[in-house]
Structure formats: structure tokens, C-alpha cells
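Residue numbers (this note's numbering): 79 to 364. Every residue gets a Cβ at the ideal spot worked out from N, C-alpha and C, and that includes glycine. Only a predicted model underlies this, so the values are computations on that prediction, with no experimental measurement involved. Below is one structure; the comments refer to it alone.
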Ligand SMILES: Cc1ncc(C[n+]2csc(CCOP(=O)(O)OP(=O)(O)O)c2C)c(N)n1
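Have a look at this one:
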């Protein structure tokens with residue numbers, strides 16, 4: 079771990095804003111931090127322009143606080159609400175054409191492995207449910223089939239939030255949205271099950287109402303993608319603006335979902351379990 083890349087040269091030190099200095103001195107770079115440490119370190123993302131009560135913004139905050147090595151991480155995004163917080167975070171971030179995130183992430187990971195063979199560079203595709211389950215579905219699945227060592231994170235708000243409320247493949251059947259007045263006509267696409275079938279070594283389904291589970295899943299997924307293979311974390315991040323609930327009920331909405339269609343699930347292959355227990359990230363089986 080090193081914060082060399084963000085340490086300003088002496089001549090510019092005084093010119094930099096306090097926010098930047100705080101990040102260098104008290105950011106998540108010198109030691110491994112996680113959800114339990116929130117409040118004790120300067121976060122990678124602290125301000126964002128999302129709607130009040132945005133589930134996606136909360137998911138991003140929790141996910142970024144759980145990165146095992148933020149200074150060696152690059153997040154690949156795609157158009158959607160997540161762009162706003164991610165592009166304003168102190169993180170390497172690149173936004174692709176809609177749906178292309180897993181293709182770009184695959185190429186980038188391969189390039190980084192060649193350029194830095196001795197170093198773990200974590201590549202994470204972090205996008206909305208439309209970006210994965212609709213336009214990007216084939217690229218996502220094929221990156222898993224190919225065994226690309228990247229992490230895919232779905233910020234599932236069950237709607238195209240950014241474009242005013244069209245249905246996505248992840249919208250619940252029957253749900254009426256601003257631009258789906260008759261209600262969604264088919265079931266939520268089982269992307270979590272597809273991830274297991276398509277070869278992900280680790281997959282988890284979590285919500286923003288369980289930050290510790292979310293953090294553990296994110297960390298395990300990123301670490302597993304370094305050595306074993308593709309990984310997937312699906313985060314329920316409800317949208318008050320489009321799902322039409324008061325902005326102070328995001329967490330309770332997610333809590334309710336944990337009892338119905340967003341029950342916590344974690345999956346890992348034997349190889350992933352052996353790897354994670356070898357580095358002390360999961361307890362050995364009795
Ligand atoms: C090729 C292409 N098609 C459509 C769009 C328009 N577009 C931008 S964001 C978006 C929806 C994103 O929805 P989702 O991935 O669920 O993310 P959210 O905004 O809900 O976080 C669409 C359709 C685009 N930018 N590019």
C-alpha cells in the first residue's frame with residue numbers, strides 16, 4: 079500500500095485544497111479500511127449530486143469504503159445515475175458507451191496484468207441494472223464465460239433512473255413506472271443465477287440496508303477476482319424518485335426487500351473459498 083501516486087510535489091503542496099490534503103493524510107490508502115471504520119477516515123467520495131435518499135449513492139459510498147486497495151483500483155462505468163457520484167470520487171474512473179463496461183474492463187485488466195505483472199490492479203465494472211441486464215447483458219455474460227478477472231457490480235434500482243423512469247430487465251413484474259404505464263410485462267431477469275452458471279467464482283446479492291454484508295461481499299469479490307476469476311455483486315439500491323417512496327425511507331425499503339425479493343445470498347466456488355480462507359477472508363469450514 080502506498081499513497082505515492084496522490085502525494086503532491088513539494089512546490090504544489092500549498093496550492094492544493096484542504097480536501098485533497100485530507101485525502102492524502104487521512105484517506106484509505108495507508109491501511110486497509112472497511113465499513114466499520116467509516117467516520118474515522120477521509121472517504122473517497124463525500125459529496126454527490128444525486129437526489130435526496132438515493133440508494134445508488136449510498137451503495138457507491140459503502141462499496142468504495144470496502145475496496146481492498148483503492149489506489150490500485152480502476153472503476154469502469156457506463157451512462158446512468160452512478161456516473162455522477164463515481165465521476166466525482168477520488169478514484170480512477172472511466173465511463174464507457176452504454177453497456178460496454180465489461181468489454182472495456184476486460185481489455186483494461188489484461189493490459190494492466192501485462193504492464194504491472196508484479197502488482198494487483200483491481201478492475202471493477204460498476205453500473206446500473208439497465209447497463210448490465212439490458213444493453214450490456216451479452217458483454218457481461220461473455221466476460222464471465224471468458225473468465226476475465228474483473229468484478230462486476232450492479233447498482234440495482236430496478237429502473238432506468240437517469241432517463242426518467244423506463245422499465246429495465248431488473249424491474250419487478252407488474253411495476254408501473256413513469257414510462258411503463260401498463261406495468262412491466264415480464265419477470266426480473268435472474269442475473270445472479272446467470273452469474274453462477276456463466277462461471278463467476280464469487281457472487282453475492284445484498285442491499286444497502288445491510289452495510290456490513292455489502293462491504294464483505296465487495297471486498298471478497300475484488301480479492302477473488304485477483305486470483306480466481308470473475309466475480310459479481312448485485313446491490314439493491316432503491317430509487318425514491320422513480321419507485322415513488324419518501325427519500326427518508328430508502329433503507330427501510332431495502333430492509334423490506336430483504337424479506338421478499340432481495341434475500342441475502344452468497345455463492346463461491348471451492349477454489350474461491352480455498353483462496354479466501356488462505357488469505358484470512360473467510361473462516362475455514364469445520
Ligand atoms: C447506447 C445508448 N442507449 C441509451 C442511452 C441513454 N441512457 C443513458 S442512461 C440510461 C439508463 C440507465 O439506466 P440504469 O443502467 O438502470 O442506471 P440508473 O440510471 O438507473 O442508475 C439510458 C437508457 C445511452 N446513453 N446510450
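{"query": "May I ask you to list the residues that DSSP assigns as paired with residue 202?", "result": "153, 229"}
{"query": "CA-CA distance, residue 88 and residue 99?", "result": "12 Å"}
{"query": "Can you grab the Cα-Cα spacing for the pair residue 352 / residue 116, in whole Å?", "result": "29 Å"}
{"query": "Which two residues bound the contiguous alpha helix (DSSP H) that contains residue 103?", "result": "96 to 104"}
{"query": "Based on Cα-Cα distance, which residue from 143, 187, 189 lies nearest to residue 169?", "result": "143"}
{"query": "Which of the three DSSP states is assigned to residue 365 in this structure?", "result": "Nothing can be reported for residue 365, as the shown portion of the chain is limited to 79 through 364."}
{"query": "Using C-beta distances below 6 Å, list every residue in its chain close to residue 106, excluding the 5 sequence neighbours before and after it, in chain order.", "result": "119, 148"}
{"query": "At a cut-off of 7 Å, would you count residue 207 as near ligand 1, judging by its Cβ distance to the nearest heavy atom?", "result": "yes"}
{"query": "Excluding five sequence neighbours on each side, which residues of the same chain lie with their C-beta closer than 7 Å to the C-beta of residue 104?", "result": "119, 120"}
{"query": "According to DSSP, is residue 79 part of a helix, a strand, or is it coil?", "result": "With a pLDDT of 46 at residue 79, under the threshold of 50, the modelled position of this residue cannot be trusted; read the value that follows with caution. Residue 79: coil per DSSP, three-state reduction."}
{"query": "Mind checking who residue 283 pairs with in its DSSP beta bridge?", "result": "312, 343"}
{"query": "Compute the beta-carbon to beta-carbon distance between residue 237 and residue 320, rounded to the nearest angstrom, for a pair I have assumed lies under 8 Å.", "result": "4 Å"}
{"query": "Within 10 angstroms of the Cβ of residue 270, are there 16 or more other Cβ atoms? Answer buried if so, exposed if not.", "result": "buried"}
{"query": "Using 8 Å as the threshold, is the C-beta distance between residue 191 and residue 154 below it?", "result": "no"}
{"query": "Compute the beta-carbon to beta-carbon distance between residue 164 and residue 206, rounded to the nearest angstrom, for a pair I have assumed lies under 8 Å.", "result": "11 Å between Cβ atoms; not a contact."}
{"query": "Where does residue 109 fall in DSSP's three states?", "result": "coil"}
{"query": "Identify the continuous alpha helix (DSSP H) that holds residue 172 and give its terminal residues.", "result": "Residue 172 -> not in any alpha helix (DSSP H); beta strand (DSSP E) instead, spanning 170 to 173."}
{"query": "Taking 7 Å as the cut-off, does the CB of residue 131 come closer than this to any heavy atom belonging to ligand 1?", "result": "no"}
{"query": "Helix, strand or coil for residue 234, going by three-state DSSP, please let me know.", "result": "strand"}
{"query": "Is residue 167 buried or exposed, if buried means 16 or more other CB atoms sit within 10 Å of its CB?", "result": "buried"}
{"query": "Nearest by alpha-carbon distance to residue 242: which of 251, 152, 130, 258 is it?", "result": "258"}
{"query": "Within 10 Å of its beta-carbon, does residue 339 have 16 or more other beta-carbons around it, so buried, or fewer, so exposed?", "result": "exposed"}
{"query": "Can you give the Cα-Cα distance for residue 317 and residue 329, rounded to whole angstroms?", "result": "11 Å"}
{"query": "Just checking my contact of residue 239 with residue 173 at CB under 8 Å: how many whole Å lie between their CB atoms?", "result": "Not really, about 16 Å apart at Cβ, beyond 8 Å."}
{"query": "Under three-state DSSP, which class holds residue 296?", "result": "helix"}
{"query": "DSSP on residue 255, reduced to helix/strand/coil?", "result": "strand"}
{"query": "Buried or exposed: which applies to residue 252, given that a residue is buried once 16 or more other Cβ atoms fall within 10 Å of its Cβ?", "result": "exposed"}
{"query": "Could you compute how far the alpha carbon of residue 125 sits from the alpha carbon of residue 161?", "result": "13 Å"}
{"query": "Would the beta-carbon of residue 308 fall within 8 Å of that of residue 222?", "result": "yes"}
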